[in-house]
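Read the structure below first, then the notes.
Chains as they are written, first to last, in my numbering: chain E, 9 to 325; chain P, 452 to 850.
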């Protein structure tokens with residue numbers, strides 16, 4: 009049966025086709041082809057590319073340290089940063105020095121990993137965690153916020169941008185303890201202070217209270233001060249009390265480490281709300297910090313989703 | 452008889468454990484003797500370390516392995532057991548090293564008050580692996596000699612003049628022979644080849660093919676272009692065992708072509724499924740195996756003198772490559788590597804030739820007895836080979 013058809017095929021091909029079609033050698037020829045193809049396919053699966061030679065530095069790297077490469081680009085950048093000039097202008101001795109430093113650093117980093125310092129040393133763990141969070145946060149702040157976003161953030165956090173007015177507050181303290189007040193107990197001081205407050209509110213003068221009960225002026229009683237100064241002067245315990253006092257009001261006794269205090273608010277200016285334009289620099293910084301924190305939290309949530317976390321029985325996070 | 456053969460396949464498949472794989476359990480050590488200090492640097496492939504410690508957690512592996520090596524490495528001299536030096540910082544007595552991907556490395560320092568009569572001790576892993584080998588380089592006063600620690604040689608005496616004789620060529624030959632005898636899958640391939648022998652010349656062809664396979668492995672591995680995927684090599688050796696068994700079956704039965712077609716079709720189908728499932732190397736192996744099986748089984752009978760040497764050559768080639776992959780991390784000098792490779796190959800080849808010769812001799816001897824059920828024995832052996840080989844291949848590919 010001719011396989012030529014309308015197209016004239018080369019004689020060699022037609023002879024080969026005829027040989028396969030009619031020849032008793034067909035099975036042998038096909039078997040040989042099958043063996044060769046099978047061998048090639050099987051060997052392709054059995055062997056992969058050999059790992060690079062341990063004594064040859066691959067392209068793109070300047071050195072290998074225990075099979076870990078130091079990138080050529082990193083080395084060039086390091087040289088330029090250290091010398092403050094283009095790489096081409098640097099001296100060979102300088103380049104060698106930088107390479108030596110980078111190799112030393114790589115050795116130490118590898119050493120840290122072999123010793124598993126990220127698992128065993130708190131300082132290393134802190135630095136690594138901070139570095140990762142900074143990296144995540146830095147990526148998040150590449151997008152500049154719009155004016156609408158900043159304005160919305162300002163409106164949502166108005167209290168943060170309210171400027172409190174100055175105040176004139178007097179601090180009277182009845183000391184407890186110490187060699188000068190050895191007989192004074194805290195309970196007695198509280199009772200005396202309560203009586204003093206009652207009398208002050210009834211109209212007694214400050215001088216009378218000082219003379220009668222033994223109160224002395226606080227260490228930072230300096231007349232009208234700004235809100236920030238008052239915060240610093242009064243401390244974390246007394247400042248919130250002062251914030252709640254209006255003109256002429258007298259606080260209840262407040263016990264602190266050095267005794268019992270009474271605050272007398274002579275004058276407390278009302279807080280003023282700063283407008284957006286004035287607060288914009290602070291708003292911008294705070295917004296970027298929030299962006300970064302949100303990115304870090306989202307990243308952490310993703311890590312948790314991907315992780316398998318098992319907590320010992322009886323404990324919870 | 453067919454039912455008997457089928458039962459033999461089932462029985463062996465059910466009771467047999469996965470054959471010891473082609474890969475060799477190897478570790479590497481470097482001993483440097485300088486005055487009264489002995490420094491040992493021990494390197495272990497990660498799979499060996501994880502099998503020893505029983506976990507894949509790196510930190511646990513490093514700590515436990517370090518403690519294990521401290522117990523199993525040592526030096527003894529005229530002044531008694533050499534003391535282990537504390538390396539300071541918080542390293543303790545065993546210093547973990549960065550030695551590259553897939554390897555664990557450790558360094559231990561010993562101090563011997565009197566360095567005379569020094570004996571190095573290495574008992575690591577031999578209790579767990581009876582065929583474990585430690586390839587050692589011993590540096591004494593700047594001179595290096597290659598040594599091996601085996602289950603039968605766990606101590607090495609260092610002469611006081613520092614002239615340590617390198618391990619002999621015949622030690623490598625012995626190692627190669629032991630490695631082959633420990634590998635049931637390779638022995639099964641040799642058994643299958645023995646069953647296929649009809650004439651004396653066939654033995655010569657098979658031996659020649661084995662030698663050619665080892666020679667080719669030496670040439671290709673020395674070029675450093677390719678590296679074997681050892682898990683797949685193990686599976687392919689199992690396939691060769693199955694193929695050898697099937698070749699006997701195909702030759703001795705009138706349904707030979709049907710069996711050959713069915714086996715090749717099964718491999719083809721499995722290969723396609725694996726390739727679709729993105730197990731590409733496994734799929735390629737099975738597809739190649741299908742084509743190879745079809746070709747070899749078709750040649751069974753009329754052109755078997757061409758077919759069986761291909762099996763033998765493949766066995767030699769793959770076994771040779773396994774050794775080359777095991778030696779490579781030791782970073783031996785070219786002459787030491789050549790010496791070791793030649794000895795190992797010679798040992799393996801010699802063992803294969805001896806086993807082949809003994810099996811063929813026994814078969815020819817017993818076939819002269821008319822009462823000996825030669826056909827039955829052939830059928831059962833072939834069926835067992837086919838069953839075992841298939842079982843091992845599947846187990847190694849998909850376990």
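Glycine included, C-beta positions come from ideal geometry on N, C-alpha and C.
Neighbour flag for residue i against chain P, beta carbons, 8 Å
i	result
residue 199(E)	no
residue 86(E)	no
residue 116(E)	no
residue 119(E)	yes
residue 77(E)	no
residue 10(E)	Unreliable placement is indicated for residue 10(E), whose pLDDT of 46 sits below 50; the coordinate value is still reported in the next sentence. Output row for residue 10(E): interface = no.
residue 226(E)	no
residue 92(E)	no
residue 46(E)	yes
Extent of the continuous beta strand (DSSP E) to which residue i belongs
i	result
residue 69(E)	69-73
residue 267(E)	267-276
residue 598(P)	594-600
residue 608(P)	606-609
residue 197(E)	Per DSSP, residue 197(E) belongs to no beta strand (DSSP E); it is in the alpha helix (DSSP H), 194-209.
residue 546(P)	546-548
residue 613(P)	First-last for residue 613(P): undefined, no H or E at that position.
residue 153(E)	Segment: none, residue 153(E) is in no beta strand (DSSP E) and carries neither H nor E.
residue 181(E)	175-183
Neighbourhood of residue i by C-beta distance below 7 Å, restricted to the same chain and skipping five residues each side
i	result
residue 718(P)	737, 740, 741 and 744
residue 613(P)	591, 592 and 594
residue 308(E)	none
residue 290(E)	169
residue 615(P)	589, 591, 596 and 609
residue 841(P)	693
Start-to-end residues for the alpha helix (DSSP H) that takes in residue i
i	result
residue 493(P)	Counting along the chain, residue 493(P) falls outside any alpha helix (DSSP H), though it belongs to the beta strand (DSSP E) covering 488-496.
residue 629(P)	620-633
residue 783(P)	Counting along the chain, residue 783(P) falls outside any alpha helix (DSSP H), and DSSP gives it neither H nor E.
residue 110(E)	100-122
residue 148(E)	130-148
residue 297(E)	284-314
residue 91(E)	80-91
residue 95(E)	First-last for residue 95(E): undefined, no H or E at that position.
Neighbour flag for residue i against chain E, beta carbons, 8 Å
i	result
residue 599(P)	no
residue 849(P)	no
residue 761(P)	yes
residue 683(P)	yes
residue 732(P)	yes
residue 471(P)	In this prediction, residue 471(P) scores a pLDDT of 49, lower than 50, which makes its location untrustworthy; no coordinate-derived value is stated.
residue 726(P)	no
residue 590(P)	no
residue 844(P)	no
Neighbourhood of residue i by C-beta distance below 6 Å, restricted to the same chain and skipping five residues each side
i	result
residue 194(E)	184
residue 577(P)	583 and 602
residue 226(E)	179 and 181
residue 721(P)	737
residue 315(E)	none
residue 478(P)	495 and 585
residue 545(P)	517, 521, 557 and 559
residue 77(E)	69
Residues near residue i by beta carbon distance below 8 Å, same chain, minus five either side
i	result
residue 723(P)	734 and 738
residue 863(P)	This structure leaves residue 863(P) out entirely; chain P is present only between 452 and 850.
residue 811(P)	645, 648 and 654
residue 99(E)	none
Contact set between residue i and chain P, taken where Cβ atoms lie within less than 8 Å
i	result
residue 59(E)	678
Residue i: contacting residues in chain P (beta-carbon distance under 7 Å)
i	result
residue 74(E)	549, 550 and 551
residue 43(E)	743, 746, 747 and 761
residue 267(E)	What residue 267(E) touches in chain P: nothing, since even the nearest Cβ is about 50 Å away.
Interface partners of residue i on chain E, CB under 8 Å
i	result
residue 735(P)	49, 50, 52 and 53
Partner residues on chain E for residue i, Cβ-Cβ distance less than 7 Å
i	result
residue 738(P)	49
residue 771(P)	Residues of chain E passing the Cβ test: none, with the nearest at roughly 13 Å.
residue 687(P)	50 and 54
Beta-ladder partner(s) of residue i, from DSSP
i	result
residue 258(E)	272(E)
residue 418(P)	For residue 418(P) there is no data in the structure shown, the boundaries of chain P being 452 and 850.
residue 573(P)	524(P)
residue 555(P)	495(P)
residue 76(E)	73(E)
The ligand NAD heavy atom lying under 7 Å from the CB of residue i
i	result
residue 713(P)	Here there are no bound small molecules, and the ligand NAD is not part of this structure.
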